[in-house]
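K.L.:
Residues in the sequence shown are numbered consecutively from 23, following the working numbering. Glycine included, C-beta positions come from ideal geometry on N, C-alpha and C. Predicted model only: the values in this text are computed from it and were never measured. Before anything else, here's the structure in question.
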Amino acid sequence: MNAAAAAISDATVVAKRNLIKIKRVPDLLVFTTLSPIMFVLLFAFVFGGAIDPSGGGAGYREFLIAGIFAQTVVFGATFTGVGLAEDVKKGIIDRFRSLPMAPSAVLVGRTLSDVLYNVITLVVMSLTGLIVGWSINTSVLEALWGFVLLLIFAYAISWLMALIGMIVPSPEVVNNASFIVIFPLTFVANTFVPLDTLPGPLRTFAEWNPVSAVTQAARELFGNPDPNPLAVPSTAWPLQHPQLYTLIWAAAVVLVFAPLATARYRRAASR
């Protein structure tokens, strides 16, 4: 077996080990999915009538779901950092380091397993969305590509979280550090409100925010437009080409943070 095949095999074993946790600790998945469900219900029925010009909130509920999807998968990416920090704290990483396995396998396996976490969460979220009035108004292929884009973006963010998890070997600190970064990214965006409601500087930031791009791409692929028919679409390049901008950001994040996280793992292994 060559080095690449061996690394893939090692990563698969690590991913399988992480996925077994879903069966043994189901509470983790349950509480992870409850939070976005609460967001859907609160925003759809508490704020929907006020934000939707029609007053009924039905249009806003369709507009909202893609934003909830984006927020959920980004927050779901924090599992990578928390999981690695927990493994470091419990000494499991030390056991991995003593084995004849590729250094990248632990990180790749962790990030891949967290993609499945996000898949399960998206399924639950989609069912919740359908219950509150969301619908897909495009083709099956377009809708599937929308979900794939969300997962690609989440996978990229997982590598950023992996680096944080290796630098800060404490699950509690990783949670707090991730929240400080991810919370403004997901809220200063078009996830919950149209961009024309934001003041100048915040609107500019939101237009170039990659979370806005992945949300916009998902909305277009699901066929969920702005509930306000008089809203003027943003002319910012990222929101005119949201799919391309999302892929550019995802590729850039992986290219930057995957080597950094792996290098951090190697340095830690040599101590």
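Under 8 Å by Cβ, that's how I've got residue 168 and residue 107 pegged, so tell me the actual separation to the nearest angstrom.
P.N.:
So it is not a contact: roughly 31 Å between Cβ atoms.
K.L.:
Here's the rule I'm using: 16 or more other beta-carbon atoms within 10 Å means buried, otherwise exposed. How should residue 113 be labelled?
P.N.:
Burial call: exposed.
K.L.:
Just to confirm the assignment, what range does the alpha helix (DSSP H) spanning residue 186 have?
P.N.:
First-last of the alpha helix (DSSP H) with residue 186: 162–189.
K.L.:
Is the beta carbon of residue 212 sitting closer than 8 Å to the one on residue 81?
P.N.:
Not closer than 8 Å, so no.
K.L.:
Within 10 angstroms of its Cβ, does residue 257 collect 16 or more other Cβ (buried), or is it exposed?
P.N.:
Looking at its Cβ environment, which holds fewer than 16 other Cβ atoms inside 10 Å, residue 257 is exposed.
K.L.:
Specify the secondary structure class of residue 38 as computed by DSSP and reduced to three states.
P.N.:
Residue 38 falls in the helix class under three-state DSSP.
K.L.:
How should residue 105 be labelled, buried or exposed, when 16 other C-beta atoms within 10 angstroms of its C-beta is the threshold for buried?
P.N.:
Per the 10 Å Cβ criterion, buried.
K.L.:
Measuring alpha carbon to alpha carbon, tell me which of 100, 51, 145 and 218 ends up nearest residue 190.
P.N.:
Among 100, 51, 145 and 218, the Cα nearest to that of residue 190 belongs to 100.
K.L.:
Within 10 angstroms of its Cβ, does residue 222 collect 16 or more other Cβ (buried), or is it exposed?
P.N.:
So residue 222 counts as exposed.
K.L.:
Expressed to the nearest angstrom, what Euclidean distance is found between the alpha-carbon atoms of residue 289 and residue 229?
P.N.:
Each residue's alpha carbon lies about 38 Å from the other.
K.L.:
Does DSSP put residue 121 in a helix, in a strand, or in coil?
P.N.:
In the structure shown, residue 121 sits in coil (DSSP, three-state: anything other than H, G, I, E or B).
K.L.:
What does the Cβ neighbour count give for residue 53, buried or exposed, with the cut at 16 atoms within 10 Å?
P.N.:
Exposed.
K.L.:
Please list the terminal residues of the continuous alpha helix (DSSP H) segment that includes residue 102.
P.N.:
Its alpha helix (DSSP H) spans residues 100–112.
K.L.:
Would a C-beta distance cut-off of 8 Å place residue 102 and residue 143 closer than the cut-off?
P.N.:
No, Cβ-Cβ distance for residue 102 and residue 143 is not below 8 Å.
K.L.:
Please return the same chain residues whose Cβ sits closer than 8 Å to the Cβ of residue 208, not counting the five positions on each side in sequence.
P.N.:
If we look at residue 208 and ignore the five residues flanking it on each side, its Cβ neighbours are 92, 93, 96, 97 and 233.
K.L.:
How is the alpha helix (DSSP H) around residue 222 delimited, first residue to last?
P.N.:
Taken as a continuous stretch (DSSP letters only), the alpha helix (DSSP H) holding residue 222 covers 222–230.
K.L.:
In three-state DSSP terms, what is residue 78?
P.N.:
Below a pLDDT of 50, predicted positions are generally treated as unreliable, and residue 78, at 49, falls in that range; the measurement from the model is reported next regardless. In the structure shown, residue 78 sits in coil (DSSP, three-state: anything other than H, G, I, E or B).
K.L.:
Report the rounded CA-to-CA distance for residue 131 versus residue 284, giving the unit in angstroms.
P.N.:
The straight-line gap from Cα to Cα measures roughly 12 Å.
K.L.:
Suppose the cutoff is 6 Å on Cβ atoms and the five residues either side in sequence are ignored; what does the same chain contact list for residue 279 look like?
P.N.:
Hits under 6 Å: 181, 182 and 185.
K.L.:
Relative to the alpha-carbon of residue 28, which residue among 127, 120, 48 and 87 has its alpha-carbon at the smallest distance?
P.N.:
Ranking the options by Cα distance to residue 28, first place goes to 127.
K.L.:
Taking 7 Å as the limit between beta carbons, can you name the residues of its chain near residue 261, skipping five residues before and five after?
P.N.:
The answer, listed in chain order, is 229, 234, 235 and 238.
K.L.:
So is residue 249 buried or exposed if we call it buried at 16+ other beta carbons inside 10 Å?
P.N.:
Classification for residue 249: buried.
K.L.:
Below 8 Å between beta carbons: does that hold for residue 138 and residue 240?
P.N.:
Cβ atoms of residue 138 and residue 240: not closer than 8 Å.
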